[in-house]
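Enquirer: Sharing a structure with you now.
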């Protein structure tokens, strides 16, 4: 049963969590945090590039496709730290302000982690057509999120 | 039995792997790769900071110690991509050239992944003294590697 006491307790937890996240962000200087955010995305690019290129017919299937997809999934799980509370106004950031208020922004990384992990499993099977299709799904997630939340 | 044919085959694989790594590094511009490398290390700092601070008596045990240690372990597994072949001469890098020839440099990240994972397990137990001791082990790995391979 949800009552006022529970609501107040939940609100307190949320405030405490937000406070902690703000403190965590403050551990780094703004320019260091921007490097963190952009560095995680460069790592995503490095791992995903040849997978998305394969989906688009630009290059052959990389021999290490499964490993790349696994790393991509790990990076997607780590990525939300790059946009934690307290990092809404980093100078030089390409993230649109809407990302920090959109309910679907951070869960987008969960979806990426799931689909990249699926790609890793399919890559192990060696079925090139299935790999191409799933790499296309992963690329679609990248593209949709960038289109909505990134200033290119 | 190891014979010349095997040695030649092994050498060919090594050259091919090195070539692939060089190509992979070339996917990004040098300054993008430097951001990748430095961004991964800032992520390590963000996660490890309060754990190492606790080991040194500078702050309380963070409530999310286990999660931080798990992320640190994931980052340690991903970190070697930041020093792949082809990235020996990034302008502005603080990595000493010796890191690229030292046999123990990259395995150092494996050790960090193992010890951070152990820290995550211990953190779940809630035994503050044991957590402090293991966070000290993790901090020791950071310190030793920086001392030998980083220009501060």
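Protein chains in written order, with the working numbering: chain A, 147 to 298; chain B, 147 to 298.
We treat Cβ as the ideally placed atom computed from N, Cα and C, and that holds for glycine.
Would you kindly check if the distance between the Cβ of residue 194 of chain A and the Cβ of residue 288 of chain A is under 8 angstroms?
Expert: yes
Enquirer: With DSSP run on the structure shown, which of helix, strand or coil describes residue 296 of chain A?
Expert: strand
Enquirer: Candidates B:169, B:220, B:241: which alpha carbon is nearest residue 229 of chain B's?
Expert: It is B:241.
Enquirer: Quick one: grab the DSSP three-state call for residue 233 of chain B.
Expert: coil
Enquirer: Could you pull the DSSP bridge partners for residue 143 of chain B from this structure?
Expert: Within the shown structure, residues of chain B are numbered from 147 to 298, placing residue 143 of chain B beyond reach of any answer.
Enquirer: Among residues of its own chain, excluding the 5 on either side of residue 164 of chain A, which ones have a beta-carbon nearer than 7 angstroms to its beta-carbon?
Expert: With a pLDDT of 45 at residue 164 of chain A, under the threshold of 50, the predicted position of this residue should be treated as unreliable, though the coordinate-derived value follows. The answer, listed in chain order, is 231.
Enquirer: Report the rounded CA-to-CA distance for residue 161 of chain A versus residue 213 of chain B, giving the unit in angstroms.
Expert: Unreliable positioning characterises residue 161 of chain A in this predicted model, as indicated by a pLDDT of 41, which lies under 50. The coordinate reading is nonetheless provided below. In this structure, the CA atom of residue 161 of chain A is about 19 angstroms from the CA atom of residue 213 of chain B.
Enquirer: For the alpha helix (DSSP H) that residue 221 of chain A lies in, which residues bound it at each end?
Expert: Start and end: 211-224.
Enquirer: Tell me, please, whether the CB atom of residue 181 of chain A is closer than 8 angstroms to any CB atom in chain B?
Expert: yes
Enquirer: Do you know how far the Cα of residue 198 of chain B is from the Cα of residue 204 of chain B?
Expert: 9 angstroms
Enquirer: Find the residues of chain A that neighbour residue 186 of chain B, judging by a C-beta separation of less than 7 angstroms, and give them in chain order.
Expert: 185, 189
Enquirer: Could you tell me whether the region 242-251 of chain A touches the region 179-195 of chain A, using the rule of 3 or more Cβ pairs below 8 angstroms?
Expert: no
Enquirer: Would you mind stating whether residue 225 of chain B and residue 186 of chain B have Cβ atoms separated by less than 8 angstroms?
Expert: yes
Enquirer: Taking the alpha-carbon positions, what's the residue 189 of chain A to residue 206 of chain B distance?
Expert: 32 angstroms
Enquirer: Count the other CB atoms within 10 Å of the CB of residue 271 of chain A; is the residue buried (16 or more) or exposed (fewer)?
Expert: exposed
Enquirer: Would you mind giving the Cβ-Cβ distance between residue 285 of chain B and residue 209 of chain B, rounded to the nearest angstrom? I have them listed as a contact below 8 angstroms.
Expert: In this structure residue 285 of chain B does not touch residue 209 of chain B by the C-beta definition: roughly 19 angstroms separates them, more than the 8 angstroms allowed.
Enquirer: Grab the span of the alpha helix (DSSP H) containing residue 251 of chain A for me, first residue to last.
Expert: 251-271
Enquirer: How should residue 223 of chain A be labelled, buried or exposed, when 16 other C-beta atoms within 10 angstroms of its C-beta is the threshold for buried?
Expert: buried
Enquirer: With 16 as the cutoff for other CB atoms within 10 Å, does residue 238 of chain A come out buried or exposed?
Expert: exposed
Enquirer: Compare the C-beta of residue 220 of chain B against all C-beta atoms of chain A and say whether one is closer than 8 angstroms.
Expert: yes
Enquirer: Return the CA-CA distance between residue 172 of chain B and residue 211 of chain A, expressed in angstroms with no decimal places.
Expert: Those two C-alpha atoms are separated by around 17 angstroms.
Enquirer: Contact criterion: CB-CB distance below 8 angstroms. Does residue 234 of chain B meet it with respect to chain A?
Expert: At a cut-off of 8 angstroms, the C-beta of residue 234 of chain B has no neighbouring C-beta in chain A.
Enquirer: Taking C-beta to C-beta, are residue 266 of chain B and residue 220 of chain B nearer than 8 angstroms?
Expert: no
Enquirer: Name the chain A residues that come within less than 9 angstroms of residue 173 of chain B, Cβ to Cβ?
Expert: Neighbours of residue 173 of chain B in chain A, taken as residues whose beta carbon is under 9 angstroms from its own, are 191, 192, 195, 196 in chain order.
Enquirer: Taking the alpha-carbon of residue 296 of chain B as reference, which of B:216, B:235, B:196, B:243 has the nearest alpha-carbon?
Expert: B:243
Enquirer: For residue 178 of chain A, go through chain B and note every residue whose CB falls closer than 7 angstroms to its CB, in chain order.
Expert: 188
Enquirer: Sorted by chain position, which residues of the same chain lie with C-beta nearer than 6 angstroms to residue 282 of chain B's C-beta, five sequence neighbours on each side aside?
Expert: 201
Enquirer: Below 7 angstroms CB to CB, which residues in the same chain sit around residue 262 of chain A once its five sequence neighbours on both sides are set aside?
Expert: 215, 218, 219, 222, 284
Enquirer: Run through chain A and tell me which residues come within less than 7 angstroms of residue 170 of chain B, C-beta to C-beta.
Expert: Simply 192.
Enquirer: So is residue 224 of chain B in contact with chain A if we call contact Cβ pairs under 8 angstroms?
Expert: The beta-carbon of residue 224 of chain B is placed less than 8 angstroms from the nearest beta-carbon of chain A.
Enquirer: Under the three-state reduction of DSSP, which class applies to residue 149 of chain B: helix, strand or coil?
Expert: Residue confidence is low: residue 149 of chain B scores 47 on pLDDT, short of 50, so the model does not pin down where it sits. Its coordinate-derived value is still stated next. DSSP places residue 149 of chain B in coil when its eight states are reduced to three.
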